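**Student:** Take the sequence shown: its position 48, counting from 1, is numbered 48 in the numbering used here, and each next residue is one higher. Have a look at the structure that comes next, please.
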Amino acid sequence: MNSLMVSLNAVLPFVLYMSFGYGVRRCGIASMEFLRKLNALVFTAFFPLMMFDNIYSMSSETVISPSFMLFSILSVIVVILLSTLITARLVRDRQKVPVLIQGIYRSNILLFAIPITRTMFGDGPVALATALVVLIVPIYNLSAVVLLEYFSGRERSSLLELLRNIVMNPLVLGVLVGLAFRALGIRVPYTAMKVVRQYSDMTTPLALFILGGTLEFGAMRRNMRYLIGILVTKLMVVPAIMLLLGWALGFDAMERFVVFTLYATPVATATFPMAQAMGADAELAGEEVVLSTTLSVVTLFFWITLMQNMGMF
Numbered sequence: 001m002n003s004l005m006v007s008l009n010a011v012l013p014f015v016l017y018m019s020f021g022y023g024v025r026r027c028g029i030a031s032m033e034f035l036r037k038l039n040a041l042v043f044t045a046f047f048p049l050m051m052f053d054n055i056y057s058m059s060s061e062t063v064i065s066p067s068f069m070l071f072s073i074l075s076v077i078v079v080i081l082l083s084t085l086i087t088a089r090l091v092r093d094r095q096k097v098p099v100l101i102q103g104i105y106r107s108n109i110l111l112f113a114i115p116i117t118r119t120m121f122g123d124g125p126v127a128l129a130t131a132l133v134v135l136i137v138p139i140y141n142l143s144a145v146v147l148l149e150y151f152s153g154r155e156r157s158s159l160l161e162l163l164r165n166i167v168m169n170p171l172v173l174g175v176l177v178g179l180a181f182r183a184l185g186i187r188v189p190y191t192a193m194k195v196v197r198q199y200s201d202m203t204t205p206l207a208l209f210i211l212g213g214t215l216e217f218g219a220m221r222r223n224m225r226y227l228i229g230i231l232v233t234k235l236m237v238v239p240a241i242m243l244l245l246g247w248a249l250g251f252d253a254m255e256r257f258v259v260f261t262l263y264a265t266p267v268a269t270a271t272f273p274m275a276q277a278m279g280a281d282a283e284l285a286g287e288e289v290v291l292s293t294t295l296s297v298v299t300l301f302f303w304i305t306l307m308q309n310m311g312m313f
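Below you can see the structure in the form of structure tokens.
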């Protein structure tokens with residue numbers, strides 16, 4: 001029962017945000033055109049603030065063991081490379097390829113890792129989860145921009161143009177500015193930082209509201225052959241492999257659980273607005289987020305219960 005409550009407490013708010021957006025659209029209160037414009041605003045203005053807030057606000061006392069840090073970075077990079085090689089060979093539609101790749105490796109750790117870890121272990125390992133978020137999210141964002149730029153239907157950019165587009169991506173800019181402020185010791189006044197944090201807190205509810213409002217279930221049926229393979233890989237296959245690797249490498253229970261949240265949580269919300277803004281298959285991206293978020297209630301319950309019974313958590 002505790003495992004089910006952990007899963008529900010982590011996932012149910014996301015389902016409710018999307019359901020509210022879907023209901024508002026179906027009632028005619030918001031049009032598709034309005035939601036698209038709002039999505040562009042969230043992507044270009046709100047997500048950078050959230051990235052900046054997460055980097056800037058991270059405690060300087062947070063420490064990660066070198067082996068755990070190295071494993072986290074390398075495992076994400078390996079999953080990205082393998083997913084890219086396999087997906088690019090199997091799928092011909094270039095608009096779908098970057099979305100499907102992100103559906104395998106890009107998790108919503110920004111919003112799931114910390115609350116789930118706190119629910120399972122208390123406040124002790126929260127610093128570890130926070131450090132992992134700050135470490136991995138920039139890799140997520142940078143790799144997503146590279147994939148979307150490379151597989152976009154637009155005219156192929158030169159290397160210099162590709163690098164410029166990556167650096168100027170709103171999410172990457174937010175990370176870079178946050179890192180610069182920390183490195184230079186620049187302190188943001190309390191009142192200004194409070195405003196930034198309030199906007200940061202609005203980002204995910206707004207993104208999920210838009211996602212729910214733009215959802216079309218007819219299209220979901222058309223994409224089901226892609227969705228089944230991606231979601232089984234995302235929520236079951238990859239987490240199983242990473243849990244076994246974490247156990248084999250001798251990580252303790254808290255480290256194994258934090259690695260688990262890196263791979264077993266739903267597809268990142270930012271996948272949808274980025275796909276829509278950069279010319280990829282936003283419809284498929286939205287369906288990945290919606291279905292993975294909903295199904296993760298079941299899969300998180302399964303994994304947490306199984307691992308607790310096996311003494312791994």
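Using N, Cα and C, we set each Cβ at its ideal position, and we do this for glycine too. Keep in mind that this is a model prediction, so the values were computed, not measured.
Could I get the ranges of all uninterrupted alpha helix (DSSP H) runs contained in the segment 14-67, with 4 residues as the minimum, in chain order?
**Tutor:** Fully enclosed alpha helix (DSSP H) runs of 4 or longer: 32-41, 47-56.
**Student:** Have a look at leucine 300 and glycine 250 and give me their C-alpha separation to the nearest angstrom.
**Tutor:** Straight-line Cα distance between these residues: approximately 23 Å.
**Student:** Got a sec, what are the start and stop residues for the alpha helix (DSSP H) alanine 253 sits in?
**Tutor:** Segment 253-264, the alpha helix (DSSP H) holding alanine 253.
**Student:** Going straight from the alpha carbon of isoleucine 86 to that of glycine 23, what length do you get?
**Tutor:** Using only the alpha carbons, I get a separation of about 37 Å.
**Student:** Anyone know if the C-beta pair for leucine 211 and valine 297 falls short of 8 Å?
**Tutor:** Not closer than 8 Å, so no.
**Student:** Here's the rule: buried if 16 or more other CB atoms are within 10 angstroms of the residue's CB, otherwise exposed. What is methionine 168?
**Tutor:** Classification for methionine 168: exposed.
**Student:** According to the Cβ coordinates, are threonine 269 and asparagine 39 closer than 8 Å?
**Tutor:** No, Cβ-Cβ distance for threonine 269 and asparagine 39 is not below 8 Å.
**Student:** Quick check on DSSP: helix, strand or coil for serine 365?
**Tutor:** Residue numbering for the chain in the displayed model covers 1 to 313; residue 365 lies beyond these limits and cannot be assessed.
**Student:** Drop a sphere of 10 angstroms on the beta-carbon of glycine 311, count the other beta-carbons inside from all chains shown, and report buried for 16 or more, exposed for fewer.
**Tutor:** That one is exposed.
**Student:** For lysine 96, count neighbouring Cβ atoms within 10 angstroms of its own Cβ and tell me buried if that reaches 16, exposed if not.
**Tutor:** Label assigned to lysine 96: buried.
**Student:** Following the continuous alpha helix (DSSP H) through aspartate 339, name the residue where it begins and the one where it ends.
**Tutor:** Only positions 1 to 313 of the chain appear in the structure, and residue 339 is not among them; the question remains open.
**Student:** Count the CB pairs spanning the segment 133-152 and the segment 214-231 that are closer than 8 Å, and state whether there are at least three.
**Tutor:** Touching, no, given that fewer than three Cβ pairs across the two stretches are closer than 8 Å.
**Student:** Let me make sure I understand the geometry here. Which of Gln308, Thr293, Ala131 has the alpha-carbon closest to that of leucine 8?
**Tutor:** Comparing Cα positions, the closest option is Thr293.
**Student:** Just to confirm the assignment, what range does the alpha helix (DSSP H) spanning arginine 315 have?
**Tutor:** No answer is possible for residue 315: it lies beyond the span of the chain, which begins at 1 and ends at 313.
**Student:** Could you please give the first and the last residue of the uninterrupted alpha helix (DSSP H) stretch that includes valine 175?
**Tutor:** 170-184 is the extent of the alpha helix (DSSP H) around valine 175.
**Student:** What is the rounded straight-line gap between the Cα of glutamate 283 and the Cα of phenylalanine 181?
**Tutor:** Roughly 36 Å separates the two Cα atoms.
**Student:** Determine the extent of the alpha helix (DSSP H) in which valine 97 is found, giving its start and end residues.
**Tutor:** Residues 97-105.
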